[in-house]
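Heads up, the thing below is written out as structure tokens.
Residue numbers (our numbering): 1 to 109.
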């Protein structure tokens, strides 16, 4: 399920992209909060499987929510897996870029 509302992505969604003459496969997943149950737990499992498949992880964070315990947990998971990872701040409009960068810098990704 994919839509404009938050929290609808359930399975891994695959797409292809080309950039500067190179081909890429992108995987979009649902979010992980760390306290999933039922269907949300299955969704989190899909996200963790996508991390295992990936060569590079673009870790999308919600800049308005700030650095959360879930962000910390996922960051630790990525470091343990030794995954090349980049933090991408979403919902950055009306937020000072430097403050957002400083808030997420403890992730060390």
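For every residue, glycine included, the Cβ atom is placed at its ideal position computed from N, Cα and C.
Only counting the same chain, and skipping five residues up and downstream in sequence, which positions put a Cβ closer than 8 Å to that of residue 16? 23, 24, 25, 26
State buried or exposed for residue 125, treating a residue as buried only when at least 16 other CB atoms are found within 10 Å of its CB. Nothing about residue 125 can be reported from this structure: the residues present for the chain run from 1 to 109 only.
Closest Cα partner of residue 63 within the set 30, 19, 87: Looking from the CA of residue 63, the closest CA among 30, 19, 87 belongs to 87.
Pop quiz: residue 79 and residue 51 are said to be a contact at Cβ under 8 Å. What is the actual Cβ separation, rounded to whole angstroms? At roughly 12 Å, the Cβ-Cβ gap does not stay under 8 Å, so residue 79 and residue 51 are not in contact.
Distance between residue 59 and residue 49 (C-alpha atoms, nearest Å): 14 Å
Sequence-distant residues of its chain with Cβ nearer than 7 Å to residue 71 (five each side left out): Cβ within range, chain order: 61, 107.
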